[in-house]
Amino acid sequence: MQLKQNSGVPIYQQIADSFRTDILAGKYEQGEFLPSIRGLAKDLKISVITTMKAYEQLAEEGLVTAAQGKGFYVNAQDSEMIKEQHLRKVEDSLTSAIAAAKIAGLSGEELKEMLAALLEMDEQ
Amino acid sequence: MNISYAIEGRHITKKMKGFFLDIDNLKIPKGFATALIGENGAGKTTLLNILAGIRLDYKGDLTFFGQYSDEEKEDNGTVKNRIGYTGTGKYYLPQWTVKDIENISKLMFESFSEEKFHRYCDELAIFANGRIDMKKPNSSFSDGMKTKLMLAGVLARDTDLLILDEPASPLDPLMRDKLCQLISEYIQNGNGEKSVFFSTHNISDMENITDYAIIMENGSIVEQGFVEDLKEKYIVIKGDATDTEAAGKILYTISSNPYGFEGVCLSENLEKLAGMKVTKEIPTLSQICVAVMKKNTRIVMR
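Sequence order for the protein chains is A and B. One rule links them: number in the numbering used here = place in the first sequence (from 1) + 659. One rule links them: number in the numbering used here = place in the second sequence (from 1) + 871.
Encoded structure:
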């Protein structure tokens, strides 16, 4: 996990993103515990409250569950449901991009070009 | 989040010549590292001395570990055995040798372990040639070494709360890093039961292990909270000179030059900046502290 201090993305968000990717990629078994919040804080040289906030975000997303006094364990991942959720996110984001493009006076073609350019940048 | 507290205080007051300590509501969360920050003379050491039991001439109520009053802490040895304290240089008497420090610590605290003490003396490289010199008097150590010796003494015990007055100040940059590691290990080994409360001016050195921050000014607490929450409450704003005047009316603190301005904005006021060309950044704890202190100081800032 690479944590960037000045990326504009909060550290807790970077940690949550990293674990989310691993969980969705199946690197954790159902019921497996994430590293303890204080152990992870020590290993990453960050504060306990930051790791706690990262885990709480994952819990809010339904990826993990907090077990009183034991830590956070990984929930069964319904891959169809997660795919569905992300599809909806993509739709929402594209819809708001279209709305912004209209305000900026961008044509549909120009918007598609921009998307293609961004996709290309992402692949690099 | 379910939080309990290592120390809670209500209406802690202490009158001194030209100074009035007045802390309405003090909470040190259990299982976390809490930093006490403030200008010189803000009352940090007075507060820590009250908590450590060095000063008892104050008014108000304190509760330790959720169950012991301050009187019980003074009468009941088990409470003080759970608290470790390091101060600014005058804790061990100057004429005490390392052997004296060890013997007296053993006499005073049930859980003091010579073996652990020696281990920390080695780990912190307190003795130049790596061999512990039992006859060396405390007065012959430098300020940094004295602090390391106090840390070794306090970590050689089995405690649930560390109260550290300016531990980082006399230490070199590497040792400050080590101090963060020691605090982190202590918190981790406690698994939610051990807490650290330290005062510091070296906020950026201690930032990455600080969970909760208390900012004092003029004898009172002017801001406190979990660092992650404070980082959402305050936002760093930078903008162009054309907006300096308008932004000055909205921002919490601002400093400007002919080319533009930089300041801190309360998140709740962020939308009032709409229309200005500004960039936003997540503040560091250090930036938050400086902004809060600047807002409350009597120092004339230019």
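For every residue, glycine included, the Cβ atom is placed at its ideal position computed from N, Cα and C. No experiment lies behind these values; they were computed from the predicted model shown.
Query raised in the report: Any idea if A/T710 is buried or exposed, counting beta-carbon neighbours within 10 angstroms, 16 or more meaning buried?
Result: buried
Query raised in the report: Does the distance from the C-beta atom of B/F983 to that of B/A923 stay below 9 Å?
Result: no
Query raised in the report: Would you say A/T724 faces chain B, with C-beta separation under 9 Å as the test?
Result: no
Requested in this report: Would you identify the three-state DSSP class for B/D1031, choosing helix, strand or coil?
Outcome: coil
Query - Whole-Å CB distance - A/G698 paired with B/Q1059, under 8 Å assumed - result: 6 Å
Query - From B/T1071, B/E1094, B/K1165, residue whose alpha carbon lies closest to that of B/K1252 - result: With chain B covering 872 to 1173 only, the question about residue 1252 of chain B has no answer from this structure.
Report task. Note the first and the last residue of the continuous beta strand (DSSP E) segment covering B/L1137. Result -> 1131 to 1137
Query raised in the report: Comparing the C-beta of B/V1098 with each C-beta of chain A, is any distance below 9 Å?
Result: yes
**Report entry** Rounded separation between A/S706 and B/D928 - CA only
**Finding:** 35 Å
Query raised in the report: Taking just the CA atoms, how far does B/V969 sit from B/K1006?
Result: 6 Å
Query raised in the report: Taking a cut of 8 Å between CB atoms, which residues from the region 700 to 718 of chain A lie near chain B?
Result: A700, K701, K704, I705, S706, V707, I708, T709, M711, K712, E715
Query - Burial state of A/S695 (16 or more Cβ within 10 Å) - result: buried
Requested in this report: Please confirm if A/Y671 has its CB atom under 9 Å from at least one CB of chain B.
Outcome: yes
Query raised in the report: In chain A, which residues lie less than 7 Å from B/D1082 when you measure between Cβ atoms?
Result: S706, V707, I708
Query raised in the report: Residues of chain A with CB under 8 Å from B/S1153, in chain order?
Result: Ser is not the amino acid found at residue 1153 of chain B; the sequence shown has Ile there. G667, P669, listed in chain order.
Query raised in the report: Helix, strand or coil: how does DSSP classify A/K729 here?
Result: coil
Query raised in the report: Who are B/Y956's beta bridge partners in DSSP?
Result: B/I1034
Query raised in the report: Leaving out five residues before and five after B/E943 in sequence, what residues of the same chain have Cβ atoms less than 7 Å from its Cβ?
Result: V950
Query raised in the report: Just checking my contact of B/G902 with B/E1088 at CB under 8 Å: how many whole Å lie between their CB atoms?
Result: Not quite, the Cβ-Cβ distance comes to about 27 Å (not below 8 Å), so this is no contact.
Requested in this report: Could you pull the start and end residues of the alpha helix (DSSP H) that B/R1173 belongs to?
Outcome: No alpha helix (DSSP H) holds B/R1173; DSSP gives it neither H nor E.
**Report entry** Residues bridged to B/N1128 (per DSSP)
**Finding:** B/G1131
Requested in this report: In the DSSP assignment, find the unbroken beta strand (DSSP E) run with B/K1109 in it and report its ends.
Outcome: 1105 to 1111
Report task. With a 10 Å radius around its C-beta and 16 neighbouring C-beta atoms as the bar for buried, classify B/V1171 as buried or exposed. Result -> exposed
**Report entry** Cut-off 7 Å between Cβ atoms - residues of its own chain near A/A725, not counting five sequence neighbours on either side
**Finding:** A718, F731
Report task. Please list the segments of the beta strand (DSSP E) lying wholly inside the region 1066 to 1107 of chain B, counting only runs of 3 or more residues, in order along the chain. Result -> 1066 to 1070, 1083 to 1088, 1091 to 1097
Query - Below-9 Å beta-carbon distance, B/S1055 vs any chain A residue - result: yes
Report task. Check whether the Cβ atoms of B/I1086 and B/L897 lie closer than 9 Å to each other. Result -> no
Query raised in the report: If B/A904 sits next to B/V1163, beta carbons under 8 Å apart, how far is it from one beta carbon to the other, in whole angstroms?
Result: Actually they are not in contact, since the Cβ atoms of B/A904 and B/V1163 sit about 19 Å apart, beyond 8 Å.
Report task. Tell whether a beta-carbon distance below 9 Å holds between A/G667 and A/V733. Result -> no
Query raised in the report: How about A/R697: is its C-beta nearer than 9 Å to some C-beta of chain B?
Result: yes
Requested in this report: Check the Cβ-Cβ distances between B/I1058 and every residue of chain A, and say whether any is below 9 Å.
Outcome: yes
Query - Segment contact flag, the region 667 to 682 of chain A with the region 1026 to 1043 of chain B, C-beta cutoff 8 Å, min 3 pairs - result: no
**Report entry** Beta-carbon proximity of B/A1145 to B/G1131, cut-off 9 Å
**Finding:** no
Requested in this report: Confirm, please, whether the CB-CB distance from B/D1036 to B/L919 is below 9 Å.
Outcome: yes
**Report entry** Three-way DSSP call (helix, strand, coil) for B/L1122 in this model
**Finding:** coil
**Report entry** B/A1023 at chain A interface by Cβ criterion, 9 Å
**Finding:** no
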